[in-house]
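If you're matching positions, the sequence shown starts at 1 in full-length UniProt numbering and goes up one per residue.
For glycine and all other residues, C-beta sits at the position ideal for the given N, C-alpha and C.
Working notes for the structure below.
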Amino acid sequence: MERKYLEIDLKALAHNYRVLADLAGPGTKMVSVVKADAYGHGLKQAARTLVDCGTYALGVFDPADAAVIRQEGIKVPIVSLSGIFPWEAGDAAKNNIDAVIFSMEAAQALSQAFLEKGETGNVIIKVDTGMGRLGIFPEDLPAFVEALAPLKGIRVTGIASHLAASEIPDHPHTKSQVEAFKRASLSMINDTLANSGAVLEGLAKGVPLARPGIALYGSAPDPGMKGADLLKPVMTFKTLIISLKTLPQGSPISYGMTFTTSRPSLIAAVPVGYADGYFRRLANKGAAIVHGKRVPVVGTVCMNLTMLDVTGIDNVQPGDEVVLLGEKDGLRVTGDELAASAGTISYEIYCSLGHANPRQYKE
């Protein structure tokens, strides 16, 4: 038995895919994003589940992720969303990646690599419509496309851009980005702008490709946005009580004495801390589920230990299960709740926990 582990519900992942595909509509192909080890949920298992659901393609960060997927025998298109270095072109060609590009150096290297393989590779041009991150500016697109024309080893299949505030569809900047994308569009099969927020808000209808990420895993960019209530959480974080002790009123708990008991209190310690991806910022803010009750995190979260106030809960024993994230007994501690308490976003919660803990999968 593990002291702590993540339970990944692959049926919930499949449910979320179907919700998003329905919202995107039958004319829109899905590029399911599995970067960052599928947002902490496990790249191989998530990729296989999404392929079984019928996703058109998988979106990754780099060619290394694509290689892992290909080694699993997965044949669907793989889109490398964040560009490639020229020295990665050989791996991109080997694994037949549809590469997002925004530099001539990468384009030339890809063309040469695919020519050496005797094939023509697909590329998608990244256009910066207002994210200020990756991509060429829309006004530079015609010249860039012209410069790519002599490269016989690649074909341009579309453009890609990224919405800075997709969770606010009426925001002037979102509208500006959408209009800039429409003006720049090459009207090709792989034009793509719609991320999770855009899909949930209905902005993906009629576009060639949608590329949801966080929504596949049960969270929306904004938990209050349209469609968020249709999603199911995929990740549950479980641990066990390692210690129980009764402290008198007035007892300080943990480093810095940030919490003092206001009554005689039964305090449980669990073997989870910030080294396990459970943020120190959850001190005196986090919550857990024990024996069908929500209980608070008390005191500073330590490197490998966190304390819970389980006062008043009957029959609590060392070894009892604790849910720090997820659903149990009709109660929830959501990724969005933890994110709000820690001053971050659910993406970081899932990635941090996913990178630090073993996983068990529910089929």
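Short of 6 Å from the beta carbon of Gly-292, and not among the five residues preceding or following it, lie these beta carbons of its own chain, in chain order: Asp-329. Straight-line spacing of the CA atoms in Gly-326 and Glu-7 works out to 9 Å. With a contact defined as Cβ atoms closer than 8 Å, Ile-349 and Val-323 miss out at about 14 Å. A check of alpha carbon separations from Thr-334 across Met-257, Leu-231 and Val-270 identifies Leu-231 as the nearest.
With a cut-off of 8 Å on Cβ pairs, the stretch 268-288 is not in contact with the stretch 57-67, counting fewer than three such pairs.
Gly-319 has its alpha-carbon roughly 5 Å from the corresponding atom of Ile-241. Counting C-beta pairs closer than 8 Å gives fewer than three between the stretch 249-257 and the stretch 16-29, which falls short of the contact rule. Closest by C-alpha distance to Leu-115, out of Met-131, Ser-103, Asp-128 and Lys-94, is Lys-94. Secondary-structure assignment with DSSP links Arg-281 through no beta bridge to anything.
Annotated three-state conformation of Pro-138 is helix, per DSSP. In this structure, Leu-308 places its C-beta atom within 8 Å of the C-beta atom of Val-295. Per DSSP, the continuous alpha helix (DSSP H) segment holding Asp-91 begins and ends at 89-94. Between Val-100 and Leu-81, the gap from beta carbon to beta carbon is short of 8 Å. Shown here for Val-31: same chain residues with a beta carbon closer than 6 Å to its own, the five before and five after excluded, namely Ala-57, Gly-59, Val-79, Leu-209 and Arg-211 in chain order. For Thr-344, the closest alpha carbon among the candidates Ser-176, Thr-311, Leu-200 and Phe-279 is that of Phe-279. In this structure, the straight-line span from the alpha carbon of Phe-181 to that of Lys-126 is close to 11 Å.
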